[in-house]
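Chemist:
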Amino acid sequence: MTSDFLKFSKQSLKNTSSSVKKLTLVSGNQSADLDSVVSSILYSYFHHLNTSRSAQDNSKKQDTSTEEIVIPLINIPSEDLCLRKDVEFVLKSVDIDFENLLFLNDLVKDTTNTNDTSLINKFPLIDLVLVDHNVPQGASLQYFIKKNNIKIKSIIDHHVDEKSFTDANPRIIKTVGSNTSLVLNYWNSVLNFKTCQGLSFYNDLQNCLFALSPILIDTACLSARVEKDDTEAFELIKSLNSKINTTEINKWYGLINDAKSDYEGLSVRDILRKDYKVFQYKSSSDSKTYKIGISSMSKPIGYLLTEFKDSQVLENLKQWQSENSLDFVTIMASYTDSNDKFKRDLAFFTDKSLSPSSSSDELVDKAIKFLNKDLDLVTTELLNDNSFKITNSNEFFKIYNQKNLKASRKLVAPLLKNFIESI
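For the sequence shown, the working numbering gives the first residue as 243, with consecutive numbering after it.
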């Protein structure tokens with residue numbers, strides 16, 4: 243199903259002919275987590291199927307599949323996919339060859355070189371579909387959109403609506419546990435999966451589990467953050483294949499969760515970039531732009547302190563801040579403890595000598611106080627318990643338990659935006 247489609251799309255991309263009129267890229271967000279990747283693949287597959295079906299319905303004689311290429315764009319360099327072991331595991335489960343995926347480094351080789359347009363010159367028209375975000379993320383996409391080479395065609399997302407690209411169609415932005423739920427429900431409304439001619443992916447149990455994967459992970463197997471659309475999408479896929487049962491669902495959820503929590507072989511830097519997003523917000527008082535990086539991890543932040551030396555942790559945090567020109571680094575951790583209780587940690591780091599802001603420690607301190615009202619932050623003794631030593635007066639490192647367990651990065655990022663705009 244999806245593996246054959248991806249192979250066809252990638253080959254079509256490489257063997258572009260004059261008959262190809264348009265390229266449609268379907269991009270997830272810059273974290274390239276399971277929800278983003280599966281959303282982009284499923285949207286691309288259903289879009290391609292719908293285009294082919296429309297051509298048949300209109301009795302067109304030419305093969306319109308050669309007139310438009312639609313392909314998911316994985317919004318990271320290809321070398322970073324190996325850090326996302328859950329994503330790799332799920333892709334391999336349906337025999338997807340990573341060589342048939344399109345990554346940022348396939349789209350453009352050098353974002354600083356204005357002459358390097360790679361794929362762009364091949365196509366007179368390029369559309370971009372955003373899934374799992376509603377404003378383009380990543381330097382490459384932002385660069386091309388600014389140059390008017392790419393048009394935002396459609397948006398399906400479950401983050402805070404940033405009120406951009408209001409002419410996108412469809413433009414679906416709703417609060418749900420998993421963005422994949424919105425993708426499935428939208429395309430079911432267009433195609434009607436049960437009656438759609440040529441749609442047979444659901445005959446294979448593993449294909450169905452592939453489609454359900456982000457929904458299960460993002461809702462903790464339908465036990466948390468479940469909205470109506472999540473339930474609707476889950477029941478839809480379940481109704482398409484009689485082999486889907488509680489045993490299969492629980493087994494599959496456990497396997498993905500194990501892969502997601504597998505940090506073996508990952509360095510501190512790997513952990514920081516494994517699930518990373520960068521945000522830029524402008525102060526309302528002086529119009530200064532602040533750059534904040536948020537790395538998410540599925541283990542307690544204490545894992546960093548016990549698995550690596552103090553010097554390794556600090557040096558990597560400093561390098562990460564410098565490499566990305568951040569005012570400060572934020573780490574969000576969500577995990578299940580030894581008593582099977584869900585918990586969240588939140589950490590902040592900055593080195594004043596590296597920050598674009600000369601008083602970044604004061605900035606972070608104010609941010610913590612601002613966030614505390616919504617996140618209910620409690621200071622931990624992790625740094626003291628582990629005899630963690632900060633000897634440089636420029637360095638600021640704080641770790642908290644976050645008692646508001648509902649506040650994921652989707653909620654924390656907008657809070658940081660509100661904070662920056664308030665200073």
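All residues carry an ideal CB built from backbone N, CA and C; glycine is no exception.
#1: Would you identify the three-state DSSP class for Lys524, choosing helix, strand or coil?
#2: List the endpoints of the continuous beta strand (DSSP E) containing Tyr532.
#3: With distances taken from CA atoms, which of Ser503, Phe584, His400 is nearest Glu469?
#4: Please return the same chain residues whose Cβ sits closer than 8 Å to the Cβ of Phe452, not counting the five positions on each side in sequence.
#5: Does chain D have any CB closer than 8 Å to the CB of Ala655?
#6: For the structure I just gave you, are there three or more beta carbon pairs, one from the region 518-530 and one from the region 654-665, closer than 8 Å?
#7: In the DSSP assignment, the beta strand (DSSP E) including Asn553 goes from what residue to what residue?
#8: Can you tell me which of the three DSSP states Phe630 falls into?
#9: In the structure shown, what three-state DSSP assignment does Lys648 receive?
#10: Taking DSSP's pairing of strands, which residues face Ala196 in a bridge?
#11: What span of residues does the beta strand (DSSP E) with Val312 cover, start to end?
#12: Between the alpha carbons of Leu478 and Ser580, how many angstroms are there, rounded?
#13: Rounded to whole angstroms, how far is the Cβ of Glu310 from the Cβ of Thr293, which I believe are closer than 8 Å?
#14: Just verifying my parser: in three-state terms, what is the DSSP assignment at Asn660?
#15: Got a sec? Which residues, its chain only, sit under 6 Å from Leu325 by beta carbon, not counting five neighbours each side?
#16: According to the Cβ coordinates, are Ser382 and Leu346 closer than 8 Å?
#17: Would you tell me roughly how many angstroms separate the C-alpha atoms of Ala475 and Lys395, rounded to the nearest one?
#18: Quick one: what does DSSP say Tyr518 is sitting in, helix, strand or coil?
#19: Is DSSP giving Arg467 helix, strand or coil here?
#20: Under the three-state reduction of DSSP, which class applies to Ile387: helix, strand or coil?
#21: Between the Cα of Thr417 and the Cα atoms of Ser576, Lys648, Phe340, which residue gives the shortest distance?
#22: If you follow the beta strand (DSSP E) that Thr417 is in, where does it begin and where does it stop?
#23: With Ile398 as the anchor, note down where its beta strand (DSSP E) starts and where it stops.
#24: I need the straight-line Cα distance from Leu367 to Asn646, nearest angstrom please.
#25: Enumerate in chain order the residues of its own chain whose CB-to-CB distance from Lys252 is below 8 Å, with the five nearest sequence positions on each side excluded.
#26: Is the beta carbon of Ser567 less than 8 Å from the beta carbon of Pro598?
#27: DSSP on Lys334, reduced to helix/strand/coil?
#28: Which residue comes first and which comes last in the beta strand (DSSP E) that contains Asp369?
#29: Pull up the CB-CB distance for Lys594 and Asn636, whole angstroms please, since I reckon it's below 8 Å.
#30: Compute the Euclidean distance between the alpha carbons of Thr306 and Trp429, then round it to the nearest angstrom.
#31: With a threshold of 16 other CB atoms inside 10 Å of the CB of Gly535, please say whether the residue is buried or exposed.
#32: According to DSSP, is Phe250 part of a helix, a strand, or is it coil?
#33: Do Glu404 and Val377 count as a contact pair if the criterion is CB distance below 8 Å?
#34: Report the partner residues of Lys264 according to the DSSP bridge assignment.
#35: Does the beta-carbon of Gly507 have 16 or more other beta-carbons within 10 angstroms, so that it is buried, or is it exposed?
#36: Leaving out five residues on either side along the sequence, give the residues of the same chain with a beta carbon under 6 Å from the beta carbon of Lys249.
Modeler: So, from the listed chains and residues:
#1: Strand, per DSSP.
#2: Per DSSP, Tyr532 is one residue of the beta strand (DSSP E) stretching across 531-539.
#3: Out of Ser503, Phe584, His400, His400 has the C-alpha closest to the C-alpha of Glu469.
#4: Taking Phe452 as the centre and dropping the five residues before and after it, the same chain places the C-beta of Thr244, Val280, Val332, Ser335, Val336 closer than 8 Å to its C-beta, in chain order.
#5: The structure shown contains no chain D; it holds only a single protein chain.
#6: For the pair of segments examined, the region 518-530 was found to touch the region 654-665: the number of CB pairs separated by less than 8 Å reaches three.
#7: Note that residue 553 is Ser in the sequence shown, not Asn. It is not in any beta strand (DSSP E) - Ser553 instead sits in the alpha helix (DSSP H) that spans 552-565.
#8: Per DSSP, reduced to three states, the secondary structure at Phe630 is coil, with no helix or strand assignment.
#9: When secondary structure is reduced to three states using DSSP, Lys648 falls in the coil class, being assigned neither helix nor strand.
#10: The question about residue 196 has no answer here: the residues shown for the chain are numbered 243 through 665.
#11: DSSP places Val312 inside the beta strand (DSSP E), whose first and last residues are 310-316.
#12: If you take the alpha carbons of Leu478 and Ser580, they lie about 34 Å apart.
#13: Going by Cβ atoms, the distance from Glu310 to Thr293 rounds to 6 Å, so yes, they are a contact pair.
#14: Three-state result, Asn660: helix.
#15: Short of 6 Å from the beta carbon of Leu325, and not among the five residues preceding or following it, lie these beta carbons of its own chain, in chain order: Asp512, Lys516.
#16: Yes.
#17: Their Cα atoms are separated by approximately 23 Å.
#18: Of the three classes helix, strand and coil, the one that applies to Tyr518 here is strand, per DSSP.
#19: Secondary structure at Arg467: coil, using DSSP grouped into helix, strand and coil.
#20: Taken through DSSP and simplified to helix, strand or coil, Ile387 comes out as helix.
#21: Cα-wise, what sits closest to Thr417 is Lys648.
#22: That residue, Thr417, is in no beta strand (DSSP E); it is neither H nor E in DSSP.
#23: Here the beta strand (DSSP E) through Ile398 covers 393-399.
#24: Going by the C-alpha atoms only, they are around 45 Å apart.
#25: Annotation for Lys252: Ile313, Glu341, Asn342, Leu343, Leu344 place their beta carbon closer than 8 Å to its own, counting only its chain and skipping 5 residues before and after.
#26: For Ser567 and Pro598, yes; Cβs fall inside 8 Å.
#27: In this structure, Lys334 counts as helix in the three-state DSSP scheme.
#28: First-last of the beta strand (DSSP E) with Asp369: 367-373.
#29: Contact holds; Cβ gap of about 4 Å.
#30: Reliability of the predicted coordinates at Thr306 is poor, the pLDDT of 46 falling under 50, and the value obtained from them is presented with this limitation in mind. In a straight line, the C-alpha of Thr306 is about 20 Å away from that of Trp429.
#31: Under this definition Gly535 is a buried residue.
#32: The DSSP-derived three-state label of Phe250 is helix.
#33: Contact annotation: Val377 and Glu404 have beta-carbon atoms nearer than 8 Å.
#34: The partner list for Lys264 (beta bridge, DSSP) reads Glu310, Leu367.
#35: Burial call: exposed.
#36: So the list reads Asn342, once near-sequence residues are dropped.
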